[in-house]
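Q:
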Amino acid sequence: MTIIDTLAKNRGELENKLRNMLAKPVFLIEMDAFALPCGCKGLTINSRGLQFDDLEIFEEHINEYLRITSENLEVEPSFLFARLVPGTAEVASLNSRVLCNRCYLDFARGTGKQPRPDIYILNFSRRE
């Protein structure tokens, strides 16, 4: 199976899990693997129909589904978060990221689920 086949399969499976759990149309319109210049790497899954309330109510399940998807794509699920559209309840994307040292320190200094208005942290594994 090619990497694009693996991405497509996991995108579809995650979309179906979210739709079944939330009982509403949720669309995962694009799943991308990335490597940033700073050294961060991971997955971004652009979404439509997923709301902030869904994250709060079903956080445990969404976290688990995103963790499984990450592991299926060989991405360490140490930092899972949702990117929010500022000023709205809309979730723009679900993300699984392996943080570079600089970005890790930025998030390690923060507290709570929303260190910034555009981010809702589902899981942050602190390094020893």
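Residues 1 to 128 (full-length UniProt numbering) are what the sequence shown spells out, left to right. Ideal Cβ positions, reconstructed from N, Cα and C, are used throughout, including at glycine. This structure is a prediction, so every number in the text was calculated from the model and none was measured.
1. Per DSSP, what are the beta-bridge partners of ALA33 in this structure?
2. Classify SER78 as helix, strand or coil using the three-state DSSP reduction.
3. Looking at C-alpha atoms only, which residue of SER70, GLY42, TYR104, TYR120 is the closest neighbour of VAL85?
4. How far does the beta strand (DSSP E) with ARG97 in it reach, from first residue to last?
5. If we ignore side chains and look at the alpha-carbon of each, how far apart do ALA8 and MET31 end up?
6. Could you pull out every residue in the same chain whose Cβ sits closer than 6 angstroms to the Cβ of ASN123, ignoring the five residues on either side in sequence?
7. Looking only at its chain, what residues have a beta carbon closer than 8 angstroms to the beta carbon of PRO115, apart from the 5 residues adjacent to it on each side?
A: Put simply:
1. LEU43
2. coil
3. TYR120
4. 91–98
5. 8 angstroms
6. ASN63, LEU80
7. PHE107, ILE121
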